[in-house]
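Asker: First residue of the sequence shown: 122, per this note's numbering; consecutive thereafter.
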Amino acid sequence: MLVLWFLFMACSCPNDRELPEATFMAPQSAGPGPNVVLITLDTTRADHLGSYNKQKVGLTPNLDAFAADGVRFHRTMAQAPATPISHASILSGLNPYQHGVRVIAASAGYRLSTEIPTLTTRLSDLNYTTGAVLSSYTVSAHFGLNHGFEHWDYELENTSHKDKEKQVQRRSDRTTDAAIEWLETLDPGPFFLWVHYWDPHDDKLQPPKKLVDKYRANVDRKNKLAWRKAMYRSEVNFVDSQFGRLIKAFKAGGDYDDTIFVVVADHGQGLGQHDWWHHRLLYEEQLRVPMIMRIPGWPRGTVVNDLVRTIDIYPTIMEA
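#1: Among 190, 411, 212, 364, whose alpha-carbon lies nearest the alpha-carbon of residue 435?
#2: Leaving out five residues on either side along the sequence, give the residues of the same chain with a beta carbon under 8 Å from the beta carbon of residue 348.
#3: Spell out a yes or no on whether the region 400 to 409 and the region 176 to 189 are touching, meaning 3 or more CB-CB pairs, one atom from each, closer than 8 Å.
#4: How big is the Cα-Cα spacing for residue 167 and residue 253?
#5: Select from 399, 426, 401, 209 the residue whose C-alpha is nearest the C-alpha of residue 412.
#6: Counting Cβ pairs, one atom from each stretch, are 3 or more of them under 8 Å apart for the region 150 to 165 and the region 314 to 333?
#7: Looking at the strands, I want to know which residues DSSP matches up with residue 380.
#8: Assuming residue 318 and residue 363 make a contact with CB atoms under 8 Å, what is their CB distance in whole Å?
#9: Tell whether a beta-carbon distance below 8 Å holds between residue 169 and residue 357.
#10: Flag this pair as yes or no: are the beta carbons of residue 156 and residue 264 separated by less than 8 Å?
#11: If you compare alpha carbons, which of 238, 250, 290, 234 is closest to residue 257?
#12: Look at the alpha carbon of residue 333 and the alpha carbon of residue 327, and state the distance between them as a whole number of angstroms.
#13: Going by DSSP, which residues form a beta bridge with residue 315?
#14: Please classify residue 495 as buried or exposed, where buried requires at least 16 neighbouring CB atoms within 10 angstroms.
#15: Span of the beta strand (DSSP E) holding residue 426?
#16: Considering only the beta carbon of each residue, do residue 202 and residue 401 sit closer than 8 Å?
#17: Could you tell me whether the Cβ atoms of residue 208 and residue 266 are closer together than 8 Å?
#18: Sort 417, 310, 186 by Cα distance to residue 462 and report the nearest one.
#19: Count the other CB atoms, across all protein chains shown, that sit within 10 Å of the CB of residue 176; report buried if there are 16 or more and exposed otherwise.
#20: Does residue 178 pass the burial test, meaning 16 or more other C-beta atoms within 10 Å, or should it be called exposed?
#21: Between 243, 346, 315, which has its C-alpha nearest residue 394's C-alpha?
#22: Please look up how many angstroms separate the CB atoms of residue 199 and residue 387, rounded, as I've assumed it's under 8 Å.
#23: Name the DSSP beta bridge partners of residue 413, please?
#24: Under a Cβ-count criterion, where at least 16 other Cβ atoms within 10 Å of its own Cβ denotes burial, should residue 421 be classed as buried or exposed?
#25: Kindly indicate which residue of 206, 239, 382, 295 has the alpha-carbon position closest to the one of residue 231.
#26: What's the C-alpha gap between residue 375 and residue 344?
#27: Let me make sure I understand the geometry here. Which of 222, 417, 430, 431 has the alpha-carbon closest to that of residue 441?
#28: Report buried or exposed for residue 350, applying the criterion of at least 16 other Cβ atoms within 10 angstroms of its Cβ.
#29: Who are the near neighbours of residue 159 in its chain, counting only those whose CB is closer than 7 Å to its CB and skipping five residues on each side?
#30: Considering only C-alpha positions, which residue in the set 196, 306, 171 is nearest to residue 100?
#31: Could you please give me the residues that DSSP links to residue 290 through a beta bridge?
#32: Pull up the distance between the alpha-carbon of residue 238 and that of residue 173, whole angstroms please.
#33: Quick check: the Cα distance between residue 304 and residue 223, rounded to an integer number of angstroms?
#34: Please report the residue range of the beta strand (DSSP E) in which residue 268 lies.
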């Protein structure tokens, strides 16, 4: 049974003259492989999925149904509690000290080097059509995450970091619309699609008012922490509904069973634990993330309790 039992990365420091790359076994077949879909849920705590926490049953029905149809990894740790750094690790299979991406200093050269092979460039070399549909500046080309993508759907691509408060983001319904539209343009052949959902990261990016009101209905507005937590739950629930739309589109198009799906968060969120609302700290609630895979040939409805890491995604896909 194929599961993430192995640690793929060596712990030695990279040579200054030689950029590191993830290592993995060669694919079993040289023929066209299955489609690959990577869905990253920004700022989503594992304990806010019903499949991870019984107290949250009903909050994420689509993700929970998907978990029942795939393999759920109960103890997954992100490589960093910050969006650009964590996504660089997911795409490269490398630890942050190896790939060198930094949160603010990408303009100073601390971005993902084009010389580092990524999941995207590897699949492109195997003649996959590659596309990304993104929702935030924090996963933009500014950090070098666009390498290898033929289709790069990102609103306000030319916006600089200093303008990030000026709506350098888009809600998950518009992101899902764009992803489905791209899928409808594809010619026959394998493809790699990365969809990034941002909503829970920013409580200014609100779901429809009706949904927000539902989660705040019994919350005292004077309790600022409880008020913000209610907004966070509404955002997680809204992303779940858009994830459900995307999966429905794959099933309707006949590609669902022939596709590798990886659903993972880049990091969690403090939500007031350790007197901290955001992330960027090395506490479990900020590093432990949900991860669910559905890969042709893998058992359904399985839970893996071994400790795994998000850098295991890249080599696992290449070996599937």
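For glycine and all other residues, C-beta sits at the position ideal for the given N, C-alpha and C.
Answerer: Quick look at the numbers:
#1: 212
#2: 337, 340, 341, 342
#3: no
#4: 24 Å
#5: 426
#6: yes
#7: 156
#8: 7 Å
#9: yes
#10: no
#11: 290
#12: 8 Å
#13: 159, 253
#14: Absent from the model: residue 495. The displayed extent of the chain is 122 to 441, so no value can be given.
#15: 423 to 430
#16: yes
#17: yes
#18: Lying outside 122 to 441, the shown extent of the chain, residue 462 is not represented and no answer is given.
#19: exposed
#20: exposed
#21: 346
#22: 6 Å
#23: 193, 384
#24: exposed
#25: 206
#26: 47 Å
#27: 417
#28: buried
#29: 315, 383
#30: No answer is possible for residue 100: the residues shown for the chain start at 122 and end at 441.
#31: 257
#32: 33 Å
#33: 32 Å
#34: First-last for residue 268: undefined, no H or E at that position.
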